[in-house]
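Colleague: First, the structure itself, so that you have it in front of you.
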Amino acid sequence: MTTIAITFVVNYLAEYPDVYEKVLEEQTEIMRSKRLDELLNWEGIQKMRYSWMVACEALRLAPPVQGTFREAITDFAYSGFTIPKGWKTHWTPHSTHKDPKYFLDPEKFDPSRFEGSGPAPYTFVPLLVNHECAQGRNMRGHRYLFSCTIW
């Protein structure tokens, strides 16, 4: 999954030179704040706000996980159909990530949609993290690993 995510981030950076310049500026600023022999640490990673917004937007548009099956725990209606308890349903991140109800102009690459508190809870789920995870906690480890990989 990491390889896929990095591939799409690099693709979007190549496609959007203005975004690339902002990421480069942020990374250069972080590098200049460190000694030559000093390794990247969590403090430096936390300064990668724009880089992280770019990574999130790439994951929103190209989630590395294509979908999952869930079992209906009760009967429910959807689009005029009744789904009985026990039936398997299939859900994909694309169905949420590309829904204009959750993301304005969903086909557009726009890292700024992750500024501040970002998207509403449960609308950005590129790695299919389940609802038991606390918001924010679900991506912290991935953020660290991703940042170390690109550093």
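Sequential numbering from 6 applies to the sequence shown in the numbering used here. All C-beta atoms in this analysis are idealised placements derived from N, C-alpha and C, irrespective of residue type, glycine included.
Going residue by residue through the segment 20 to 105, where are the continuous alpha helix (DSSP H) segments of at least 4 residues, counting only ones entirely within it?
Modeller: 22 to 37, 47 to 51, 54 to 66, 98 to 102
Colleague: Assuming the contact rule is C-beta atoms closer than 8 Å, Y25 and F114 should be a hit. Round their C-beta distance to whole Å, please.
Modeller: As a first step, residue 25 must be located in the sequence shown, where it is residue number 20. As a first step, residue 114 must be located in the sequence shown, where it is residue number 109. Actually they are not in contact, since the Cβ atoms of Y25 and F114 sit about 12 Å apart, beyond 8 Å.
Colleague: Taking buried to mean at least 16 other C-beta atoms within 10 Å of its own C-beta, is S56 buried or exposed?
Modeller: Here residue 56 refers to the residue found at position 51 of the sequence shown. Buried is the call here.
Colleague: Work out the CA separation of L66 and K90 for me, nearest whole Å.
Modeller: Here residue 90 refers to the residue found at position 85 of the sequence shown. Here residue 66 refers to the residue found at position 61 of the sequence shown. About 32 Å.
Colleague: Among E112, P116, P98, G121, which one has its Cα closest to the Cα of T128?
Modeller: As a working mapping, residue 128 is identified with position 123 in the sequence shown. Comparing Cα positions, the closest option is P98.
Colleague: Determine, using beta carbons only, whether L133 and T73 come nearer to each other than 8 Å.
Modeller: As a position in the sequence shown, residue 133 is number 128, starting the count at 1. As a position in the sequence shown, residue 73 is number 68, starting the count at 1. For L133 and T73, yes; Cβs fall inside 8 Å.
Colleague: Can you name, in chain order, every residue of its own chain whose Cβ lies under 7 Å from the Cβ of F81, other than the five neighbours on each side?
Modeller: Along the sequence shown, read from residue 1 onward, the residue named residue 81 stands at position 76. Close CB contacts of F81 within its chain, under the 7 Å cut and outside five residues either way in sequence, are with I88 (chain order).
Colleague: Within its chain, find whatever has a CB closer than 6 Å to the CB of I9; leave out the 5 residues flanking it on each side and keep chain order.
Modeller: By 1-based counting over the sequence shown, the position of residue 9 is 4. Taken in chain order, the residues that qualify are P69.
Colleague: Three or more C-beta pairs under 8 Å: does that hold for the segment 38 to 48 against the segment 100 to 110?
Modeller: no
Colleague: Nearest-angstrom Cα distance between T94 and I78?
Modeller: Here residue 94 corresponds to residue number 89 of the sequence shown, with the count starting at 1. Here residue 78 corresponds to residue number 73 of the sequence shown, with the count starting at 1. Their backbone Cα atoms lie some 11 Å apart in a straight line.
Colleague: So is R118 buried or exposed if we call it buried at 16+ other beta carbons inside 10 Å?
Modeller: Here residue 118 corresponds to residue number 113 of the sequence shown, with the count starting at 1. Flag for R118 reads buried.
Colleague: I think A60 touches V14, with their Cβ atoms under 8 Å apart; what is that distance to the nearest whole Å?
Modeller: For the purposes of this step, residue 60 is identified with residue 55 of the sequence shown, where counting begins at 1. For the purposes of this step, residue 14 is identified with residue 9 of the sequence shown, where counting begins at 1. That pair is a contact at about 6 Å.
Colleague: Tell me whether P116 is buried or exposed, calling it buried when 16 or more other Cβ atoms sit within 10 Å of its Cβ.
Modeller: The residue given as residue 116 occupies position 111 in the sequence shown. So P116 counts as buried.
Colleague: Sorted by chain position, which residues of the same chain lie with C-beta nearer than 6 Å to P111's C-beta, five sequence neighbours on each side aside?
Modeller: Here residue 111 is taken as the residue at index 106 of the sequence shown, counted from 1. Here the set comprises K103, P105.
Colleague: Assign V130 to one of three DSSP states: helix, strand, or coil.
Modeller: In the sequence shown, residue 130 corresponds to position 125, counting from 1. Coil.
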